[in-house]
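Asks: The numbers in the working numbering rise by one with no breaks, and the one at position 7 of the sequence shown is 10.
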Amino acid sequence: MKKVITYGTFDLLHNGHINLLRRAKQLGDHLTVAISTDEFNAIKNKKAYYSFENRKIILEAIRYVDKVIPENSWNQKIQDIKEHDIDIFVMGDDWKGNFDFLEEYCEVIYLPRTVGISTTKIKQDLFKVKDV
4 MKKVITYGTF DLLHNGHINL LRRAKQLGDH LTVAISTDEF NAIKNKKAYY SFENRKIILE
64 AIRYVDKVIP ENSWNQKIQD IKEHDIDIFV MGDDWKGNFD FLEEYCEVIY LPRTVGISTT
124 KIKQDLFKVK DV
């Protein structure tokens with residue numbers, strides 16, 4: 004069985020997230036998604052709209068996702084790859100090159116982002132609507 008893993012906050016779920024998860028799942032038989040905890044987001048100076056528990060519930064309901072685990076730090080990826088017997092690490096291509104050090108442990112693939120959508124854009128658009 005070929006196992007794939009990806010990481011992210013997955014807040015304000017949108018078609019870009021679904022495209023990433025679908026394409027990641029197509030690379031193997033089992034997809035693990037590590038989502039940033041609220042505490043880790045605080046360290047990254049990020050604030051998710053939905054709590055970790057709510058984002059976890061949403062991701063677990065997506066048919067492409069087989070397992071959801073917490074991401075507590077930048078440094079856990081090697082441990083996750085070993086512990087979950089991961090064959091392929093997947094991230095969006097906006098991270099290209101940042102995780103090449105993982106090639107010692109598994110295949111690293113950067114997938115193209117979905118054009119025209121991001122959580123940041125959604126938040127910006129919502130702030131514009133608020134002001135109208």
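Glycine residues also receive a C-beta, built at the ideal position from the N, C-alpha and C atoms.
Considering only the alpha carbon of each residue, which of 54, 40, 42, 91 lies closest to residue 34?
Replies: Closest in alpha carbon position to residue 34, among 54, 40, 42, 91, is 91.
Asks: Figure out for me which residue from 74, 77, 110 has the closest Cα to the Cα of residue 6.
Replies: 110
Asks: Give me, in chain order, the residues of the same chain whose beta-carbon lies closer than 7 Å to that of residue 98; leave out the 5 immediate sequence neighbours on both sides.
Replies: 113
Asks: By Cβ distance, which residues of its chain are closer than 7 Å to residue 117, with the 5 residues on each side in sequence left out?
Replies: Excluding residues within five positions, the ones whose Cβ falls inside 7 Å are 18, 19, 22.
Asks: If you draw a straight line from the alpha carbon of residue 46 to that of residue 78, how long is it in whole angstroms?
Replies: 13 Å
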